[in-house]
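Asks: The sequence shown: position 54 = 55 (our numbering), numbered continuously.
First, the structure itself, so that you have it in front of you.
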Amino acid sequence: MKNFAIIGVGGYVAPRHLKAIFDTGNTLLSAYDNSDSVGILDSYFPQAAFFTEQELFDRHNSKLKERGQALDYISVCTPNYLHDAHTRYGLRLGCNVICEKPIVLNPWNIEALQRIEKETDRKAYTILQLRLHPSVIALKEKVANGPKDKIYDIDLTYITSRGNWYYTSWKGDERKSGGVATNIGVHFYDMLSWIFGNVTRNVVNVKSHDRVGGYLELEHARVRYFLSINSDHLPQNAKEKGMRTYRAITVDGEDFEFSQGFTELHTLSYQKILSGEGFRIGEALSCIQTVCDIRNAQPIGLVGDYHPLCKEPITQHPFKW
Numbered sequence: 002m003k004n005f006a007i008i009g010v011g012g013y014v015a016p017r018h019l020k021a022i023f024d025t026g027n028t029l030l031s032a033y034d035n036s037d038s039v040g041i042l043d044s045y046f047p048q049a050a051f052f053t054e055q056e057l058f059d060r061h062n063s064k065l066k067e068r069g070q071a072l073d074y075i076s077v078c079t080p081n082y083l084h085d086a087h088t089r090y091g092l093r094l095g096c097n098v099i100c101e102k103p104i105v106l107n108p109w110n111i112e113a114l115q116r117i118e119k120e121t122d123r124k125a126y127t128i129l130q131l132r133l134h135p136s137v138i139a140l141k142e143k144v145a146n147g148p149k150d151k152i153y154d155i156d157l158t159y160i161t162s163r164g165n166w167y168y169t170s171w172k173g174d175e176r177k178s179g180g181v182a183t184n185i186g187v188h189f190y191d192m193l194s195w196i197f198g199n200v201t202r203n204v205v206n207v208k209s210h211d212r213v214g215g216y217l218e219l220e221h222a223r224v225r226y227f228l229s230i231n232s233d234h235l236p237q238n239a240k241e242k243g244m245r246t247y248r249a250i251t252v253d254g255e256d257f258e259f260s261q262g263f264t265e266l267h268t269l270s271y272q273k274i275l276s277g278e279g280f281r282i283g284e285a286l287s288c289i290q291t292v293c294d295i296r297n298a299q300p301i302g303l304v305g306d307y308h309p310l311c312k313e314p315i316t317q318h319p320f321k322w
C-alpha cells in the first residue's frame, strides 16, 4: 500500500483521482486546496488531513516523513497553469508525481521537469487516458497493421457544453487554461499523434473564446477538427436527447465508436503507473507542442480543407461588451 497526497482536491477532476487511489488499494494521507468544498473526501478518505494553505500542507508532509510515513506519490489536480509548479514541488519533496493533463502549457517546460526528475531521482507521470481506451488501442493496432504508406482522412468533433461560469473561472483565461484546444482537447491531439504519427502541418481556421477549428497533417493522417464549449453547436438529435456532450470521429468516412468505456480509465492509469508502466511526461511532448502551436497561431479563416462547423457564426463573448 502506497501513501498518497493530493493537490487540488476540490477540483473537477479530483474525484477520479481519489477513486483511483482508493480502487488500487492505497491510502491518502493529506490533501490541499484553497477551497474548502472538499466533502468528496468523506466518500473515500475521511481520515486524510486537509489544508487550505500550502505552507501548512508542506509542513504536515514533512512531519509525515519524520514519523516514518513518508509520501510515495503526490497527485496533481490543480488548474493547468499550476501543474508545472506543483509537479516540481512533489518531486523535490521526494515523491513520484501523477499529474493530470496537460502536464504543462509549454513544451520547453517538459525538459525542465525532466532535469528535476534526474536531480531528485523521482518520476513524474501524466494522465493520457485515451491511450488505454479499448477502441483506441484497437484502432492503433489496425493502423499499425495496415498499409505503411496509407494516409487516413479523419474528422474530429468534440462539443462539451459549458455555462457562463466557465468564463469567470480560470478555465476561461487562456493564460491559465491554455485555451479551448488545451483545456478540452489535449488528450485528443495526443491520441491522434499516438496512432497516426507526428504532426507535420498545423493550420488554425477559426479560434475564439468558445471554439477552435483547424486542420492537421500527421505522418499518416489528414485531420479536420472542431472543438467547442458552446451548446449551440450540438447536433439537433443530441439537443433533443438532452445531451450536453457530443464526441464523434470518422476515419475514412466511417464512424469510430468510442463513446463508452471512459469511467474507469483513471483507475487503469493508476494501475499502470503503480506497476511501472505509466506514461512519463516526455510522452506528452507531441500533444503539448500541438496545443501550444494552436494557441499561438493566427487563424486563416475558411480557407483550404476545414471542418464544416468552422462556418458557425462566432457569438459575442458573454462578458465583453
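Even for Gly, the Cβ is constructed at its ideal location relative to N, Cα and C.
Predicted model, so just to flag it, every value in this text is computed and none were measured.
1) When you compare the CB positions of V292 and V137, do they come within less than 8 Å of one another, or not?
2) Going by Cα to Cα distance, which pick from P16, H234, Q299 is closest to P314?
3) State whether the region 253-264 contacts the region 5-16, with contact taken as three or more CB pairs (one from each stretch) at a distance under 8 Å.
4) Out of C96, D294, I22, R176, state which residue places its alpha-carbon closest to the alpha-carbon of N81.
5) Where does A92 sit, in a helix, a strand or coil, going by DSSP?
6) So Y153 and I274 are supposed to be a Cβ contact under 8 Å. How far apart are they, rounded?
7) Mind checking whether N62 and A6 have CB atoms under 8 Å apart?
8) Run through the DSSP bridge pairs and tell me what C100 is partnered with.
9) When the distance is taken between beta carbons, is A49 closer than 8 Å to H267?
10) With contact counted as at least three CB pairs below 8 Å, one residue from each stretch, are the region 283-301 and the region 208-222 in contact?
11) Near N107, which residues of its chain fall below 8 Å by C-beta distance, leaving aside the five closest residues on each side in sequence?
12) With H, G and I counted as helix, E and B as strand and the rest as coil, what does DSSP make of R176?
13) So, helix, strand or coil for V304, using DSSP?
14) In the region 226-302, which residue ranges form an unbroken alpha helix (DSSP H) of at least 4 residues, counting only runs that do not cross its ends?
15) In its own chain, which residues sit with a C-beta less than 6 Å from the C-beta of H318, not counting the 5 before and 5 after it?
16) Cα separation between K124 and S38?
17) When DSSP labels each residue in this structure, what does D150 get in the three-state scheme?
18) Figure out for me which residue from F197, T28, A86 has the closest Cα to the Cα of P47.
19) Under the three-state reduction of DSSP, which class applies to F320: helix, strand or coil?
20) Who pairs with A32 in a beta bridge, going by DSSP?
21) Determine the extent of the beta strand (DSSP E) in which K208 is found, giving its start and end residues.
Replies: Let's see:
1) In this structure, V292 keeps its C-beta atom at 8 Å or more from the C-beta atom of V137.
2) H234
3) no
4) The option with the nearest alpha carbon to N81 is R176.
5) It is Leu, not Ala, that sits at residue 92 in the sequence shown. Helix, per DSSP.
6) Not quite, the Cβ-Cβ distance comes to about 31 Å (not below 8 Å), so this is no contact.
7) yes
8) V77, T127
9) no
10) yes
11) Only I289, C293 meet the Cβ criterion.
12) Residue state for R176 is assigned as helix, using DSSP reduced to three classes.
13) coil
14) 237-241, 266-275, 286-297
15) So the list reads H210, once near-sequence residues are dropped.
16) 30 Å
17) coil
18) T28
19) coil
20) A32 pairs with I7, F51.
21) 200-208
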